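Everything on this sheet refers to the single structure shown next.
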Amino acid sequence: METGAESSKPLCDERDCDLRPLDGKVTAEGSSDAEAQRPTWSGQLEFILASVGYAVGLGNVWRFPYLCYSSGGGAFIVPYLIMVVLCGIPLLFMEFAIGQYTRLGPVHVLAKMCPLLKGVGLATVVISFIFSTYYNVLISWALYYLFNSFKATLPWTSCNNTWNVVENCSSGFPGNTTHLQSSSQQFFDHRLLEKTSGIEEAGGVRWELFGYLLVAWAIVYLCIFKGVKSTGKVVYFTAVFPYFILFALLINNVQLPGAKNGILYFVTPVWRRLFEVKVWVNAAAQVFNSLGIAFGSMISMASYNKFHNNILRDVLIVSLVNSFTSILAGFVIFSAIGYMAHIHNLPVDNIATDGPGLVFVVYPEVLSTMPVFQLWAPLFFLMLLCLGLDSQFANVEVAVTFLKDEFGAKVLHFLKREELLALAVCIVCFILGLPHVTKGGIYVFQLMDHCTAVVSLVFLAFCEVVAVCWIFGTARLSLMVKRMQGKSPSIYFRLCWLLLCPVLVLCILISSIVQYTPPRYGKYTYPLWAEWMGWGISLVSVIWIPLGAIHEICNNKGSLVQRLKTAITPTLDLDAVDPLPEKQNLDNPMSGKLFTSGV
C-alpha cells in the first residue's frame, strides 16, 4: 500500500467538519499525532482486479447463461448489451466518481450529497451484510464438492449409495419430463443438503456443512483482516485464476460430441422475445446485479484510489470484462449441456436448469462423463470458490469499514485491534448463516435470495440514482469528474445520468413489483408466513431510507417546506476537497457519524 504525504489544508469547512474521517480529526490538545495517513491501492491493477473480482461472481456462471437460454437465446444478448451501455457503464462511472472524489464510503457520501436520502447509504451496508450471510453458503457448497471431487470415483455418478432413492434414481440424466432423478440431483438433495420436505421442517443442523461454512468464513477472514492491504494481494489469484479454467474448459468442451448443438441453442435468437417486457427487465436486472450497483462496494473500493486515477478507463475495463465473462461462461456451460444432451439422447431444453442447480447438479454430471474428470472436477469447483470469494470480500468489507468509521473509537477501545473487528463481523455473519446449513436450509436460502436480490435492491438503487443524479445534480457530478480527469464527462454520460438511468431504473422497479411472483423452490410453494418473513427481510434494508428522511426533516428547523428544502440541499462542499487529496490525512473510505444534525 502507498500512503500520501501530509497536507495542512483543511478538508472541509465548519459546516461539514462533523463528517471528517475519524482517523483524521485533531485531538483536543490541537495535536495531529492521532492523524493517520490515508492508504491507497498499491497499484491500479489491484483496484481493477478487485473491482473485476467483485463484479464477476457465481451469477455470471449460472444466472446469465440460464437467462439467455430462457429469454430468447442470442436475442437476449441484444437488450443485455443495450442495458450495459445505457445503464451499467454510466452508473458504475457515477459510483467510481463519487467514491474517488470524496474518499468517503457509501454511508456518508450519500448523506452529504442528499441529506434527505441519507438512509440510502446505510441501506447499502445493510443489504451487503444480509447478502454476505447467505452468499458464503454457496462457497461452503463449492468446498464440499471440491473435497469430494478428489475421490477416485465421483460420488454423484452412481445410484448405489446410502443416500440414493433407488426406485427413482437414474445414473444418467433422465431429462425434465420423467419422474426419475439423476444421481447428481440426488447427491445434491440427499447427501449435500439432506433436504427436508419444506421450510416448516428445519430438520437440525447438517454438521458437515456447518464445518465447511466455518472453513469458508475462516478463508474470508484471512483475506480481509488487513483490509485492502491483504485483499489487494489475494485478488491477483482469485480474480485471474477463473479465466484460465474457463478457457481450458471451453477448449475441452467444444471438442466433445454434441457441444455444437448446445452452443447453437445458447446463441440462436428467438427474435419475437424482444417484444416481451420481461426480457428487457431480466437484461437490466442482470446488468444491475452483476456490476454490484447499489451494494456500496464499488464506492468503497474507489475511495482508496488516488484523486487523478483514470476511472473512465477502469469503468470500461470492469464493465467489458464482466460482460465478456458472462458470455464466455455461457459458451462453457452450454457446450457441456449440449454434450450431455448428446450422450443421453435428449433435447437441450430438457437439461438446462436455473439457479445453483446449474453448477451443482448439471455440471457435476457433465464433469463425471468427461475424459480426465479427476482433473476437470477439482479445477471447476476451485474456480467457483475463487468467483465466490472475490464477491464476498467486498460485501464483508463494506460492513467492517462502516462499523470502524461510525463507532470506531468505542469499538477499537473495546476490541483493541482492527483485525478483531473484522473477526467479530465474520463471526456474526457465520452465526446468522447457520439456518442455511440446516436440513431445511435450502428453502431459507432460496427465500432470502428471492426477497433480497430483487425488489428491495432495485428500490434502493432507484433512491441512490435520484439522490445523486437529480438532487445532487449532474452539473456537480460533472464538475467532480472534470477536476479528477481534467475534462468534463461526455454528453453521453450526462444524458444517461440526467434521464436514461433514472427512467430505466424506475421501469425496472415498477416491472419488478408488477411481475412479482411468490418465492418457489422447484415444485415447492412457500407458506404465507414464510412469504411474509421474506418481505420482512426485504424491509430490513430499505426501512432505513424513510427513517433517515424522517430523522433529517425532524432535525431541521422552520416550516415543513423549509425543512424539506434544507433536506434536499447538498452539504458536500466541492471546493473543500483538496485537488490532490491523496496527500490528505484520510484513512477510511467512510467518515463521521451518520445521524447527526447538519448531515
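Numbered per the working numbering, the sequence shown spans residues 22 to 620.
By construction, the Cβ of each residue, glycine as well, lies at the ideal position given by its N, Cα and C atoms.
Being a predicted model, the structure only gives us computed values, none of them experimental.
Check	Outcome
Proximity test, residue 277 beta-carbon vs the ligand ATP heavy atom, cut-off 8 Å	Among the components of this structure there are no ligands whatsoever, and the ligand ATP is therefore not found.
Residue 42 (DSSP reduced to helix, strand or coil)	Low confidence applies to residue 42: its pLDDT is 33, below 50, so where it sits in the model is not reliable enough to give any reading.
Straight-line Cα distance separating residue 116 from residue 505	14 Å
Per-residue DSSP class, three states only, for residue 203	strand
When 351, 78 and 369 are compared against residue 97, the one with the closest alpha-carbon	351
Buried or exposed (CB count within 10 angstroms, at least 16 for buried), residue 141	buried
Closest by C-alpha distance to residue 109, when choosing among 183, 590 and 315	315
Backbone CA spacing between residue 127 and residue 85 [nearest angstrom]	27 Å
Assumed close pair residue 410, residue 259 - CB separation to whole angstroms, cut-off 8 Å	5 Å
One or two residues paired with residue 226 in a DSSP bridge	459
Endpoints, the alpha helix (DSSP H) within which residue 437 is located	First-last for residue 437: undefined, no H or E at that position.
Helix, strand or coil at residue 541 according to DSSP, with G and I counted as helix	strand
Residue 252 (DSSP reduced to helix, strand or coil)	helix
Residue 501 versus 540, 595 and 77, residue with shortest Cα-Cα distance	595
Start and end residues, alpha helix (DSSP H) containing residue 5	Not covered by the structure: residue 5. The range shown for the chain is 22 to 620.
Secondary structure, beta strand (DSSP E): runs of 3+ residues fully inside the stretch 442 to 490	none
Alpha-carbon to alpha-carbon, residue 298 and residue 74	31 Å
Residue environment, residue 200, which counts as buried when at least 16 other CB atoms sit within 10 Å	exposed
Classification of residue 52 by the beta-carbon crowding that lies within 10 angstroms, buried from 16 upward	With a pLDDT of 28 at residue 52, under the threshold of 50, the predicted position of this residue should be treated as unreliable, though the coordinate-derived value follows. Burial call: exposed.
Beta carbon of residue 555 nearer than 9 Å to that of residue 547	yes
Residues near residue 104 in its chain [Cβ-Cβ closer than 6 Å; skip 5 each side]	304, 305 and 308
Inter-residue spacing [alpha-carbon to alpha-carbon] between residue 172 and residue 394	11 Å
Any 3 or more C-beta pairs closer than 8 Å across the stretch 483 to 494 and the stretch 131 to 138	yes
Residue 408 and residue 78 closer than 9 Å at C-beta	yes
Cα-Cα separation, residue 271 to residue 356	8 Å
Beta carbon proximity, residue 443 to chain C, threshold 9 Å	This model lacks chain C altogether, as it is built from one protein chain only.
Cβ pair residue 280, residue 359 closer than 9 Å	yes
Option in 391, 236, 558 and 267 with minimal Cα separation from residue 363	391
Best match in 518, 482, 476 and 477 for proximity to residue 496 [C-alpha to C-alpha]	518
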